[in-house]
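*Asks:* This is the structure I have questions about; it appears just below.
Numbering (this note's numbering), first residue to last: 213 to 391.
Okay, structure coming up:
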């Protein structure tokens, strides 16, 4: 009987410690990984939206063989803005990778979805790259703008799937906190 009472007392002392440890792990997962991942995926979405806006602006600024210096300057500014957005995109993917590399057990599906985002982004960017290089490329892209928009819509869908996966991971972590 004494052993039973002693065992119960030890369990009562250890159980709260383990419960606290589990809560701290889930809280850390949420605050140091899942929330920052959400922010970075949102940032990535914003980067692609701004890239699309700059691309459209670029397509509307005239030809690469500028009719005047103002048009040529505007074209160069938009191209540089696109290049800066691509650098920002690369930095964001590097930050995502740093966070994802910490925990394979939680982020496996998100890795897959982000790989799909990168694949869709690359296809979209390759699709419109010729438009950025020459007047002929721009004219060709404008003639087939529907295909370019399809590529962009596929990218947005891949981003939405990544956000949904991340939201599901976050919901599961929050559920574990409530248990």
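Note that beta-carbon positions come from the ideal geometry of N, C-alpha and C, so glycine has one too.
Between 253, 321, 255, 256, which lies nearest to residue 377 when the distance is taken from Cα to Cα?
*Replies:* Closest option to residue 377, Cα to Cα, is 321.
*Asks:* For residue 325, tell me which candidate among 381, 259, 296 has the shortest Cα-Cα distance.
*Replies:* Of the candidates 381, 259, 296, the one whose C-alpha sits nearest the C-alpha of residue 325 is 381.
*Asks:* Can you tell which of 365, 348, 266, 309 has the C-alpha that lies nearest to the C-alpha of residue 332?
*Replies:* Selected option, being the one with the closest Cα: 365.
*Asks:* Since I believe residue 308 is in contact with residue 249 (beta carbons under 8 Å), could you give me their beta-carbon distance rounded to a whole number of angstroms?
*Replies:* Contact flag correct, Cβ pair sits at about 7 Å.
*Asks:* Would you mind working out which of 243, 242, 340, 375 sits nearest residue 362, comparing C-alpha positions?
*Replies:* For residue 362, the nearest C-alpha among the options comes from 340.
*Asks:* Tell me whether residue 314 sits in a helix, a strand or coil according to DSSP, three-state version.
*Replies:* Residue state, collapsed to three classes: coil.
*Asks:* In terms of residue numbering, what span does the alpha helix (DSSP H) encompassing residue 250 cover?
*Replies:* Taken as a continuous stretch (DSSP letters only), the alpha helix (DSSP H) holding residue 250 covers 247 to 272.
*Asks:* Mapping DSSP to helix, strand and coil, what is residue 391?
*Replies:* Three-state result, residue 391: coil.
*Asks:* Rounding to the nearest angstrom, what Cα-Cα distance links residue 271 and residue 312 in this structure?
*Replies:* Roughly 36 Å separates the two Cα atoms.
*Asks:* Using the rule of at least 16 other Cβ atoms within 10 Å of the residue's Cβ for burial, across every protein chain shown, is residue 245 buried or exposed?
*Replies:* Answer is buried; the Cβ neighbour count reaches 16.
*Asks:* With a threshold of 16 other CB atoms inside 10 Å of the CB of residue 259, please say whether the residue is buried or exposed.
*Replies:* That one is buried.
*Asks:* Please classify residue 287 as buried or exposed, where buried requires at least 16 neighbouring CB atoms within 10 angstroms.
*Replies:* Buried is the call here.
*Asks:* In or out: residue 315 buried (at least 16 other Cβ within 10 Å) or exposed?
*Replies:* Residue 315 is exposed by the Cβ-count criterion.
*Asks:* Does residue 296 come out as helix, strand or coil in the three-state DSSP assignment?
*Replies:* Note: residue 296 maps to helix in three-state DSSP.
*Asks:* If you draw a straight line from the alpha carbon of residue 342 to that of residue 356, how long is it in whole angstroms?
*Replies:* Going from the Cα of residue 342 to the Cα of residue 356 covers about 12 Å.
*Asks:* Kindly indicate which three-state DSSP category residue 356 falls into: helix, strand or coil?
*Replies:* In this structure, residue 356 counts as coil in the three-state DSSP scheme.
*Asks:* If we count the other Cβ atoms within 10 Å of its Cβ and call it buried at 16 or more, is residue 273 buried or exposed?
*Replies:* The residue is buried, with at least 16 neighbouring Cβ atoms inside 10 Å.
*Asks:* May I have the straight-line CA-CA distance separating residue 347 from residue 379, to the nearest angstrom?
*Replies:* C-alpha separation (whole angstroms): 43 Å.
*Asks:* How many angstroms separate the CA atom of residue 289 from the CA atom of residue 247?
*Replies:* Roughly 34 Å between the two C-alpha positions.
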